[in-house]
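As you go down the protein sequences, you meet chains H and A in turn. Just so we're on the same page, my numbering is the position in the first sequence counted from 1, plus 1. Just so we're on the same page, my numbering is the position in the second sequence counted from 1, plus 625. Note that CB positions come from ideal geometry on N, CA and C, so glycine has one too.
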Amino acid sequence: MGRLVSQTVLYSVIVAVVFCILVSGANGYSDAFYLRFTTPPQSSMILGTSRAAQGLLPQVLDQYVPTKFFNYSFTIAHSPYGEVYYNSILHKLDSRSKNGIFIVAVDPWSLSAVVTRDSFESEFPEAHLLLANTKFVNLNPNIPYIIQNFKGKYYTLIAPQKRELLLHDNGWLEVSVPMDSESVLRRTTAKFKEYKEENLPNRKISATRLKYFAKTIDTLKKHGEVYIVRLPAHSKIIEMEHQLAPNFDSLIQPVVAKVNGYLDLAKQSESYVYTDGNHLYKESGAKLSEKVGQWIAQQRSENKE
Amino acid sequence: MLFNSPEYAVFFLVVFILYWFVFSKKLLFQNALLLGVSYYFYACWDWRFLFLLMFSTILDYMTGIKMEQSSSVATKRIWFWVSVFINLGFLGVFKYYNFFVESFTQLLGQLGWSISPLLISVVLPVGISFYTFHGLSYVIDIYKGRIQAEHNFISYAVFVSFFPLLVAGPIERATHLLPQIKRPRQFDYGKSVDGLRQILWGLFKKIVIADNSARLADMVFNNYVEYSGAALLLGAVFFAFQIYGDFSGYSDIALGSARLLGIELLQNFSYPYFSRDIAEFWRRWHISLSSWFKDYLYIPLGGSEGGKWMRIRNTVIIFTVSGFWHGANWTFIFWGVLNALFILPSIISKTNRSNLQIVAAGRVFPTLQEVFQMMATFGLAVFAWIFFRSQTLIQSIGYVKNLFVGLVNAKGYAQVVNILYWRSGYVVVLFIVFMICVEWIGREQKHGLAKFAFNVHKSLRWLVYVIIAVMILLYSGTDQQFIYFQF
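Here it is as structure tokens:
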């Protein structure tokens, strides 16, 4: 029996090591989230939902601000402000860092919750999604993430089948979709419909999310400078945001008052190109990141003076 | 809890430790453990049907004892038929009720009568076709005086519910399994290692061969109108390997798991695609079911003892029933009848037992004639699988028509290139070729990996095992249901 056990253990270890070596070859095409959980803890981060994940490019921001940004933004489903995202940020944050720079993207959707027939704020959907399941966010290869959250066959980690989404090592999600007018119109129309028929009527601003937004900012403040940014979207979506939260600026004012700066770009919708009305196209993302980088640099120099 | 899931790995590890380290002192404890974990295993599927399994077990256990205690043949016969009626009744209600009612309604509709039948909406209890046949074989064997009734309830319940065979066989016989359950079991290193090898090979066939073939077979079968000729043929070939990898892979995992617990189950597959004629194919495919039908239906009907017409009748009956056993659909019935038609010439000419040994036994390569025979048999099997896989008879006829009409059409060959190149079908083909090579080398053994690479250095053999395991892991991710769980 002992021989069987020892040989089985040895065999399992060899197989596990080979599997880990192979899986560590996962790249940005493998999964839209995986690489974000494979880096060491970070001292400077970009936080928010998919708008920030696609629209704020660390490599551009790094040119204007003397730090290495890491984009730790996910999607409106996974990372609206709340307990789940807050805990995940704590795990990703380099707890020893005191001089980090944080860009926190916010909009009414990321502070809202779904109103169901029976309840509001009693349960948050992200509690059942991958950020809640992923306790280890700084492992490479991140086997617990792969086992719990990776959808599909594991060989696609090393031989990805799709090329539309590329997650860069710095956390930026590059989306390459056809940008001809017909394709953009089709996606934009679908997004408007989704926001108008599903999101707007079924969501309202959540006190819990506001509380965790403030808590996130308070925590980040202990580790460096915090800049809040409201990212642009198509004017029709911004209009829906006004309907969802007519007094949005005053809602977040107590939090804004604590940070190093607040940049509202929602009014500059027309200056950028979107893949679907909600997400910036990568070239516009670079343009916007440049603007945000310059603004932070300016804020920092003004604060020094 | 699927055999190819991490949950089963953890479950089996816990059972193995308890079985050999904690409960090994007494046979009763080991059997009680097996019964408990088997019920737990079954309850993981649907705990409500556990009561049906328990009821069926108690019924057949009681019937066995009552038949043994019966002083008259008439009483014995009554108990026998009560058990058969109830067992087949459950199977009939859960599996065939809607089919019969719908078919009857359609028939009446064609005669001008319209009725609104009462249909039942209930899922098929997993494994019911298998454990019902376990129980039936036990009751029939007692009735025929082949065995004595089992008085130890735990032993009998383990025979019916032993978790490796509970949901998809092999369909065991009391004469084979019960003595093993009643005998103290000793840990055997060689058998355990072989069990692990068989599990490894089963997982490879299921996860790497079957699930990958399924992706391509589904693509073709679900859109068969858009494909033609060679592409439809390729889709059917992929399905042939899907169903083989799926079911023989399942059986390998079941047999390997049981062997690790010191129990030998009946071999269910013996390299059927190396068969030289259809009769040999059916001696090598789903052996436990084929032999069940032979022993409990074909022979009682007269078998091959009578004249030519009796042999033809009996052959058609058992293949039709076998098709119907697979599911309440005309496609399965047609598949059974088609196989009967394939096998009849050899039954009539009494050449059905001319290939009893494995092909090219003791040789490395087959003769050219054997190659042609194997390819022809495989071709017939693939043709029949089209009916098995199709959702309806109309679909299967359309599939076959498009296949033959399109064989001269260049479009079909372009579609083959598309499937093989752009849909990564060539990778699946490479895996299938690897499986065929391994099974060819191991065809004289009980399973493909039994003696594979035994004549090379141990480190090289381990390298092969590691490569197989890594391939299994890489192609894991989303657990796929086993096809035979639906039967």
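- Taking the Cα of Phe-944 (chain A) as reference, the smallest distance to any Cα among A:Ser-929, A:Tyr-852, A:Leu-963 and A:Trp-1087 is reached at A:Leu-963.
- With at least 16 other beta carbons inside 10 angstroms of its own, Asp-902 (chain A) counts as buried.
- Secondary structure of Asn-777 (chain A) (DSSP, three-state): coil.
- At least 8 Å separates the CB of Thr-189 (chain H) from every CB of chain A.
- Leu-132 (chain H): member of the alpha helix (DSSP H) spanning 131-134, first to last residue.
- With the rule of 3 Cβ pairs closer than 8 Å, the segment 873-884 of chain A counts as touching the segment 825-835 of chain A.
- Cβ atoms of Ala-234 (chain H) and Arg-52 (chain H) come within 8 Å of each other, at about 7 Å.
- The C-beta of Met-1000 (chain A) has fewer than 16 other C-beta atoms within 10 Å across all chains shown, which makes the residue exposed.
- Legend: CB atoms of the segment 911-925 of chain A lying less than 9 Å from CB atoms of chain H are not found in any residue.
- For the segment 241-277 of chain H, the continuous alpha helix (DSSP H) assignments of 4+ residues that do not extend past its boundaries occur at 249-257, in sequence order.
- In the DSSP assignment, the residues bridged to Leu-167 (chain H) are H:Glu-175.
- Around the Cβ of Val-1095 (chain A), a 10 Å sphere holds 16 or more other Cβ atoms; the residue is buried.
- Assignment of beta-bridge partners to Leu-281 (chain H) by DSSP yields H:Tyr-275.
- With 16 or more neighbouring CB atoms inside 10 Å of its own CB, Arg-204 (chain H) falls in the buried class.
- Within 7 Å of the CB of Phe-812 (chain A), the CB atoms of chain H belong to Met-2, in sequence order along the chain.
- Look at the segment 828-856 of chain A: it has no residue with a C-beta under 7 Å from a C-beta of chain H.
- In the structure shown, the three-state DSSP call for Arg-231 (chain H) is strand.
- In the DSSP secondary-structure assignment, Lys-205 (chain H) is bridged to H:Ala-114.
- Rounded to the nearest whole angstrom, the C-alpha separation of Lys-292 (chain H) and Ile-239 (chain H) is 20 Å.
- Cβ-Cβ distances below 6 Å link Gly-961 (chain A) to Phe-944, Thr-945, Ser-947 and Gly-948 in the same chain, with the five nearest sequence neighbours on each side left out; the list follows chain order.
- Neighbours of Ala-1094 (chain A) in chain H, taken as residues at a C-beta separation under 9 Å, are given in chain order as Tyr-12, Ser-13, Ile-15, Val-16, Val-19 and Phe-20.
- By the criterion of a C-beta distance shorter than 6 Å, Leu-659 (chain A) is surrounded in its chain by Val-783, once the five residues flanking it on both sides are discounted.
- If you ignore the 5 residues before and after Ala-668 (chain A), its C-beta comes within less than 6 Å of the C-beta of Leu-675, all in its own chain and listed in chain order.
- Within the segment 875-907 of chain A, complete alpha helix (DSSP H) segments of at least 4 residues are not found at all.
- For His-92 (chain H), the CB contacts under 6 Å within the same chain, skipping 5 residues up- and downstream, are Val-138 in chain order.
- Taking a 10 Å sphere around the C-beta of Tyr-275 (chain H), we find 16 or more other C-beta atoms and assign the residue as buried.
- About 6 Å separates the beta carbon of Val-1091 (chain A) from that of Val-16 (chain H), a gap short enough to meet the 8 Å contact definition.
- The alpha-carbon of Arg-908 (chain A) is positioned some 31 Å away from that of Tyr-1051 (chain A).
- Each of H:Asn-100, H:Pro-202, H:Glu-175 and H:Glu-198 was checked against the Cα of Gln-60 (chain H), and the nearest Cα belongs to H:Glu-175.
- The beta-bridge partner set that DSSP reports for Gly-714 (chain A) is empty.
- Rounded to whole angstroms, Arg-822 (chain A) and Ile-1097 (chain A) show a C-alpha spacing of 13 Å.
- If you check the CB distance, Thr-135 (chain H) and Phe-38 (chain H) come in under 8 Å.
- Inclusion of Ser-681 (chain A) and Asn-712 (chain A) in the CB contact set at 8 Å is warranted, their separation being smaller than that value.
- Within the segment 986-1061 of chain A, complete alpha helix (DSSP H) segments of at least 4 residues are found at 993-1014, 1018-1030 and 1035-1042, given in chain order.
- Closer than 8 Å to the CB of Trp-645 (chain A) there is at least one CB belonging to chain H.
- At a cut-off of 8 Å between beta carbons, Thr-9 (chain H) contacts chain A.
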